[in-house]
Amino acid sequence: MGRVQIGEFEELVLLVVAILNDNAYGISVMEEIQSQTGRKINISAVHSALDRLETKSFLKSEVGGATAERGGRRKRFFKITVAGQEALNAIREQRNKLHDQIPSLGLKYVSI
Amino acid sequence: MSPFDHEPPQWAIKFLKLYCKPRALEIIEGDAYELFYKRIEAEGLKPARRKFSWDVLRFFRLRYIKGLEDINSLNNIAMLKNYFKISIRSLLRQKFYSAINISGLAIGLAACLLITMYIGHELSYDNFHQDVDRVYRVANGQAGAWTPARLGAQMKTDFPEVEAVARLNGPFDQTFKIGDQVFKEARGFSADSTINQIFDIQFIAGNPKTALNRPNSVVLTQSLADKLFGYQDALGQIIKADGQNIQVTGVVADPPKNTHFQYNFINSYPHEEWITIGNWTGNGFFTYAKLAKGASPEQIHEKMPAFIREHLAPMIIKYSGHDSFDAFLADGGKKTFSLIPMQKLHLHYSHMALGSSGSIDNVYIFSAVAFFILLIACINFMNLSTARSAMRSKEVGMRKVLGSLKGQLVGQFLVESITVCFLSSILALGIASLALEGFNQLANRNFNVEDIFNTATLLKLFGIMLLVGLLAGSYPAFVLSAFKPITALKGESQATGKGSGFLRKGLVAFQFAISILLIVSTVVVYTQLNFIKNQDLGFNQEQVLLVKNINRLAENGTSFLNKIDRIPSVESRALSNQYLSGGVSDWGYQTVEDNPRNNSFINLFATADFLKTMDIELIEGRGFNKDLVSDTANILINEKTKKWLGGDVLGKVLSRGDGEDYTIIGVVKDFNHASLRRDIDPFIFRLMGEDGKTEGDWYAANYLSLKVTGDYQNTVEQVRQAWAETITDEPFEYVFLDESFNSLYAEEERFGQLFTASSGLAIVIACLGLFALAAFTLQRRYKEIAVRKVLGASVQSLTFMVIKSFTLLVLIGALIAIPVGYWLMKEWLASFAYQINLNNPLIWIVPILVVAAVAWLTVGYQSIRTATSNPVKALRSE
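From first to last, the protein sequence lines are chains A and B. Just so you know, the UniProt record's numbering puts 54 at position 54 of the first sequence, and the rest follows in order with no gaps. Just so you know, the UniProt record's numbering puts 33 at position 33 of the second sequence, and the rest follows in order with no gaps.
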């Protein structure tokens, strides 16, 4: 697998979609991010992040679930793809690798 | 109440539906609605509505905005792309025809572009002034330029509708002296301090309100100030102007190109009674008036009769000799002032426009030329497109078989023609930039390349391009799209029908007609110009050197004249107050009879040797004698004046009124003193003393005429030296009289150039078209010609056969062009008192022969090539 081109906010969205599993659409993703991180975000930002992730084929989507709350309009549900999961893993591995290389010097002082 | 009963703001939904891609619309709308309902419960209706709108606005991103493919159906876009591709391919396949087509059209468009730019410029004159629609020029009578000094001030006092007035004089030349440097500057004016209420004059330094308040003040334009003071601060500087000390009280921005008031510097008026209060007699000023908001010129015009009666009646009665003003009116006497909108001055009243040399006729003529040239280019385009139709017939057949509708085919060909127009436009921009210098000369304007590439001009070009593309493209489009698919696929040509051939020939004939018309105009204009230049003026204008500004020599005049007298090549010399060809003013005289008759005569003051210097022939009586002081009360007249007086004139008396009587002592032969547009005027010579003084000790010797024999150039040099020795702060200015006369016809000269250029263009464009058309026709008749040759036709007869058909078209063109040309040229010549004879057959035959010869050369070359080629090649090519 090559380098993963993914931004910080996209990574966050991708993670949340993975967490929400079967119920990931625009609003649920936004609310989850708000409740988990406390970040105030606009729905349009979530939408474009989702769209970008889909064109990068880290997400796939299907349409369905019209409800009264939406005036009978359908939702677009997102699901993480295998490539998406691999991307998350790759990012995590890379981060861990970097974290592990931090010299323990600092920690010593902290521990005093 | 359930939250679902509420609705989000309608405008936001409409906006969303307007911009949003249909693919994403439902999802976005759904999310927005869901959030909206949730927020009603959590935060209340108002914030929810506000946040809904905000969300919608936030979704306005490139990602979600409709693209081209969302507006039309995808199919149309694809077809459009295909049309475009096919156009480019067919253009590339026939490079020769395409090049001719595009370049012909480009030349036409370039001419058109330059001319639209010119017309736009002409029509924009003075529009930029603030309140220009309220500014008027006060005309004496209906369109007299000069008005009395008192008029403006009195109008402002009497009419509440008049908001501001200003008087103006100029343009004139003035000499500035700074240190020991002397500058002769043109385009100077004198003006009232209120001038900046009438015109937008942008002050860079100095106070606009007070700059012209005091006498001996001058306002300079930035460029003149830079020139005089070498980019140093000019404000407050003292300069010597025509010998007087004046102060620079303001520096203003240069006036824009499109105003009739083109100043270099503006002087203040002296504070003397004739200026500050002013008289009703004498018309020495241009008056401008600005009306109050809502006032109309008609209101002023209505009040004018009462105004005239109140202020001007006494003066009128005194000069007309009537008992009362009513008697003057009853006698048909007229006196009025009228208001002319300032915007009209440049084009419609050029004699009042301070020398801005505009003319509505020029605008019309230029428009007509642009139209004709563009028309020829369009005809070319149509001809070539239809002529080539056979090449495309298979393509059209195939498209139809595959389901193309006629409308789609029309669309395809229109796209093609617009593509060609687009390419031509780009080329036209290049051609126009290259031709700009020449065009400036023709139009007597000063355009630069930026004027071509400004948005307004480009938009016009774009408009013309679309128009030409659609108009010229529509005929071929309809012809081509009407092909029947089966015959088209069989490869049979369909354009051989009588109808389209006839139209094509008609169009070519029409092109010839326009070319012939333009050439005829060129020939007539130049013949006329030549005619009036070589016309005997009644005196000898050759070898006469005219020195200007003699009055500036003041007391050194005599010593200068003495120096001139020592130059051996100067045969004779004469001083005068004005000069022939330079505009001589007319004065009123009346006869001394029981019933005095009035007339105005061209009146020139000159020293005794004037007749000798100018070689004017004396036919009766005697000339002036410089040693006879009493001769100042005598006059010489010309034959025209004699005719008006009637009978034996020697010894008769003409009077200026108040006992100012002059006795006629001689009659000279008639001569022209101005452009030959006017007939010979009645003329009166008055004697000027050898010291340059006339009646009442008035010094009027402004010009010195020298008759020169032998070496011209050397004499000029000697006179210049004499001048330089006499005066240092006035540059030596001179003109040759014959050149001065010729320069009277500068406008006609430009006219001739315009016709030469446009007829040249017309012929070039028409030839391009003809060349391609002939090539095409011959290609189609390749086999026919081969068969004829096999059957025994000679090269000569074959060539003749082809040329014959084109010659016929030239003749048809001539038949159209000659009557139109005759009428037009008759109209033009009507403005000349001396005209050439239009019935001279050469004027008409030469242009026809020129066009025919060009047509023969164009067609002949190709037909000979075809006729001499081996017939076997043509017949074998099945």
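All C-beta atoms, glycine included, are put in the ideal place defined by N, C-alpha and C. All values reported here derive from a predicted model rather than from experimental measurement.
By the three-class DSSP mapping on this structure, what secondary structure does Lys-693(B) have?
Taking the second sequence and counting its residues from 1, the one referred to as residue 693(B) is at position 693. In this structure, Lys-693(B) counts as strand in the three-state DSSP scheme.
Grab the span of the alpha helix (DSSP H) containing Arg-39(B) for me, first residue to last.
In the second sequence, counting from the first residue as 1, residue 39(B) sits at position 39. In the DSSP annotation of this structure, the continuous segment of the alpha helix (DSSP H) that includes Arg-39(B) starts and ends at 22-43.
Below 6 angstroms CB to CB, which residues in the same chain sit around Phe-751(B) once its five sequence neighbours on both sides are set aside?
On the second sequence, position 751 is the one that residue 751(B) refers to. Contacts found: Val-525.
Leaving out five residues on either side along the sequence, give the residues of the same chain with a beta carbon under 6 angstroms from the beta carbon of Arg-720(B).
As a position in the second sequence, residue 720(B) is number 720, starting the count at 1. Same-chain partners within the cutoff: Phe-732.
Kindly indicate if chain A contains any beta-carbon less than 9 angstroms away from that of Tyr-19(B).
On the second sequence, residue 19(B) is found 19 positions in, with the first residue counted as 1. No, because no Cβ of chain A sits closer than 9 angstroms to the Cβ of Tyr-19(B).
Are the C-beta of Gly-38(A) and some C-beta of chain B separated by less than 9 angstroms?
Working through the first sequence from its first residue, we reach residue 38(A) at position 38. Answer no: the Cβ-Cβ gap between Gly-38(A) and chain B never drops below 9 angstroms.
Per DSSP, what kind of secondary structure is Ile-91(A) in: helix, strand or coil?
To locate residue 91(A), count along the first sequence from 1; it is residue 91. Helix.
Cα-Cα, which of Thr-858(B), Ile-665(B), Pro-476(B) and Glu-747(B) is closest to Arg-677(B)?
For the purposes of this step, residue 677(B) is taken as the residue at position 677 of the second sequence. Taking only the C-alpha atoms, the option nearest Arg-677(B) is Glu-747(B).
For a contact meaning CB atoms closer than 7 angstroms, what does Glu-29(B) contact in chain A?
Walking along the second sequence from the start, residue 29(B) turns up at place 29. Going along chain A in sequence order, the residues near Glu-29(B) (Cβ under 7 angstroms) are Arg-73.
Exposed or buried, Leu-704(B), counting other C-beta atoms within 10 Å across all chains shown (16 or more means buried)?
What you label residue 704(B) is simply residue 704 of the second sequence in a count that begins at 1. When all chains shown are included, Leu-704(B) counts as buried.
For Glu-555(B), count neighbouring Cβ atoms within 10 angstroms of its own Cβ and tell me buried if that reaches 16, exposed if not.
Your numbering for residue 555(B) matches position 555 in the second sequence. Glu-555(B) comes out exposed.
Nearest residue (CA-CA) to Leu-518(B), options Thr-287(B), Val-846(B) and Ala-830(B)
Residue 518(B) sits at position 518 when you count from the first residue of the second sequence. Checking every option, the nearest Cα to that of Leu-518(B) belongs to Val-846(B).
Determine contact between the stretch 457-475 of chain B and the stretch 415-434 of chain B, defined as no fewer than three beta-carbon pairs at a distance below 8 angstroms.
yes
Quick one: what does DSSP say Val-872(B) is sitting in, helix, strand or coil?
Taking the first residue of the second sequence as 1, we reach residue 872(B) at position 872. Note: Val-872(B) maps to helix in three-state DSSP.
Please report how far the alpha carbon of Thr-726(B) lies from the alpha carbon of Gln-718(B), in whole angstroms.
Here residue 726(B) is taken as the residue at index 726 of the second sequence, counted from 1. Here residue 718(B) is taken as the residue at index 718 of the second sequence, counted from 1. Near 13 angstroms, if we compare the C-alpha coordinates of Gln-718(B) and Thr-726(B).
Please report the straight-line C-alpha distance between Thr-807(B) and Gly-813(B), rounded to a whole angstrom.
Counting from one through the second sequence, the residue named residue 807(B) turns up at place 807. Counting from one through the second sequence, the residue named residue 813(B) turns up at place 813. Roughly 10 angstroms between the two C-alpha positions.
Classify Gln-796(B): buried if its beta carbon has 16 or more other beta carbons within 10 angstroms, exposed otherwise.
Numbered from its first residue, the second sequence carries residue 796(B) at position 796. Burial call: exposed.
Are three or more beta carbon pairs between the stretch 275-292 of chain B and the stretch 138-153 of chain B nearer than 8 angstroms?
yes
Please state whether DSSP places Lys-184(B) in a helix, a strand or coil.
The residue you call residue 184(B) lines up with position 184 of the second sequence. Strand.
What residue range does the alpha helix (DSSP H) around Tyr-475(B) cover?
Taking the second sequence and counting its residues from 1, the one referred to as residue 475(B) is at position 475. Per DSSP, the unbroken alpha helix (DSSP H) holding Tyr-475(B) starts and ends at 455-481.
Quick one: residues in its chain with C-beta nearer than 8 angstroms to the C-beta of residue 879(B), no 5 flanking neighbours on either side, listed in chain order?
Outside the modelled stretch of chain B, which goes from 1 to 878, sits residue 879(B), for which no answer is possible.
N-terminal and C-terminal residue of the beta strand (DSSP E) that Ser-675(B) is part of:
One-based indexing of the second sequence puts residue 675(B) at position 675. Counting along the chain, Ser-675(B) falls outside any beta strand (DSSP E), and DSSP gives it neither H nor E.
Note down, in chain order, every chain B residue with its Cβ under 7 angstroms from the Cβ of Asp-51(A).
Taking the first residue of the first sequence as 1, we reach residue 51(A) at position 51. Among the residues of chain B, those whose CB is under 7 angstroms from the CB of Asp-51(A) are Arg-63, following chain order.
Closest to Phe-537(B) by CA distance: which of Leu-737(B), Lys-38(B) and Leu-798(B) is it?
Here residue 537(B) refers to the residue found at position 537 of the second sequence. The sequence shown places Leu at residue 537(B), rather than the Phe named in the question. Selected option, being the one with the closest Cα: Leu-737(B).
Partners in chain A for Glu-41(B), counting only beta-carbon separations shorter than 7 angstroms:
Working through the second sequence from its first residue, we reach residue 41(B) at position 41. By Cβ distance, chain A contributes nothing, its closest Cβ being about 11 angstroms from Glu-41(B), past 7 angstroms.
From Arg-52(A), Gly-71(A) and Phe-77(A), residue whose alpha carbon lies closest to that of Val-63(A)
Stepping through the first sequence from its first residue, residue 63(A) is reached at position 63. Residue Phe-77(A) is the option with its Cα nearest to Val-63(A).
Cα-Cα, which of Asp-22(A), Glu-10(A), Ile-102(A) and Pro-103(A) is closest to Asp-51(A)?
Here residue 51(A) corresponds to residue number 51 of the first sequence, with the count starting at 1. Asp-51(A) has its Cα closest to that of Glu-10(A), out of Asp-22(A), Glu-10(A), Ile-102(A) and Pro-103(A).
Over what stretch of residues does the beta strand (DSSP E) that includes Ile-619(B) continue unbroken?
The residue given as residue 619(B) occupies position 619 in the second sequence. Here the beta strand (DSSP E) through Ile-619(B) covers 618-621.
Residue(s) in a DSSP beta bridge with Ser-193(B):
As a working mapping, residue 193(B) is identified with position 193 in the second sequence. None, per the DSSP bridge assignment.
The stretch 59-73 of chain A: which residues have C-beta closer than 7 angstroms to a C-beta of chain B, in chain order?
Listed in sequence order: Ala-68, Glu-69, Arg-70, Gly-71 and Arg-73.
Delimiting residues of the beta strand (DSSP E) encompassing residue 879(B)
Only positions 1 to 878 of chain B appear in the structure, and residue 879(B) is not among them; the question remains open.
Starting from Val-449(B), follow the alpha helix (DSSP H) in both directions and report where the run begins and ends.
If you number the second sequence from 1, residue 449(B) lands on position 449. Unbroken alpha helix (DSSP H) run through Val-449(B): 449-452.
Between Asp-609(B) and Arg-573(B), which are expected to be in contact by the criterion C-beta below 8 angstroms, what is the C-beta distance as a whole number of angstroms?
Here residue 609(B) refers to the residue found at position 609 when the second sequence is read from its first residue. Here residue 573(B) refers to the residue found at position 573 when the second sequence is read from its first residue. The Cβ separation is near 6 angstroms, so the contact holds.
Ala-211(B) versus Gln-753(B), Ala-164(B), Pro-160(B) and Tyr-269(B), residue with shortest Cα-Cα distance
Here residue 211(B) is taken as the residue at index 211 of the second sequence, counted from 1. Closest option to Ala-211(B), Cα to Cα, is Tyr-269(B).
Could you compute how far the alpha carbon of residue 906(B) sits from the alpha carbon of Leu-405(B)?
Only positions 1 to 878 of chain B appear in this structure, which leaves residue 906(B) out of reach.
So is His-47(A) buried or exposed if we call it buried at 16+ other beta carbons inside 10 Å?
One-based indexing of the first sequence puts residue 47(A) at position 47. Here His-47(A) is buried, its C-beta having at least 16 other C-beta atoms within 10 Å.
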